[in-house]
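Each remark here refers to the structure printed beneath this line.
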Amino acid sequence: ILNRVVRVKGISINVVTFIIPAVTVLLLLGLNYFITNTKTGMAMRALSKDYETASLMGIDINRIISITFFMGSLLAAVGGIMWGARYPQLMPLMGMMPGLKSFIAAVVGGIGNITGAVIGGFILGLGEIMLVALLPRLTGYRDAFAFVVLIIILLVKPSGLMGDKVTEKV
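First residue of the sequence shown? That's 1453 in our numbering, and the numbers climb one at a time after it.
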């Protein structure tokens, strides 16, 4: 199913090109719902803010941490499956650049903001595609583009596009 090719007005497009953004949006909506509207999600947010206070409030910290790791692993597995569907090959360092770009997407969107991280990823992806489409001579620099965006964001808005400004009280 994922390897099918669809023709639209003479252009061949792989089905996985449509499936990946759809799955991403569905997972984002599901994760946002879980984090904001469930008791476990509220416990996760409380635990991320203040470990000791969450413990004093009766939250089973070990259970919440286990659930968080399970969910993170599940999301990573889905991401790996989507990556494998898009790029069906195997190389020793094939996860290096996607890992770095994921981190950059999280920083661009705002650390701690799930929606921001996804939007940061879409910004990076669209920016790279536009760079290659508009300036084909710079195709070799498409990975460097992500780092340029990271530097610009850190200089202009260190908390990311959707991140909260953090002020430390003394």
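The beta carbon of each residue, even a glycine, is placed where N, CA and C say it ideally should be.
Query	Result
Please return the same chain residues whose Cβ sits closer than 7 Å to the Cβ of L1583, not counting the five positions on each side in sequence.	L1590, R1594, F1597
Kindly identify the DSSP beta-bridge partner or partners of N1466.	V1457
Where do the ends of the alpha helix (DSSP H) carrying A1554 lie?	Going by the sequence as given, residue 1554 is Ser instead of Ala. First-last of the alpha helix (DSSP H) with S1554: 1548-1561.
Taking its Cβ as the centre, do 16 or more other Cβ atoms sit within 10 Å of A1558, making it buried, or is it exposed?	buried
Mapping DSSP to helix, strand and coil, what is D1595?	helix
Hey, which unbroken runs of the beta strand (DSSP E) at 3 residues or more fall wholly within the stretch 1480-1505?	none
So, using beta-carbon positions, are L1499 and I1487 closer together than 8 Å?	no
From P1588 to P1544, what does the alpha carbon distance come to, in whole angstroms?	28 Å
Would you decide whether L1481 is buried or exposed? Buried here means 16 or more other CB atoms lie within 10 Å of its CB.	exposed
Comparing alpha-carbon positions, which option in G1577, F1574, A1569, I1575 lies nearest S1611?	A1569
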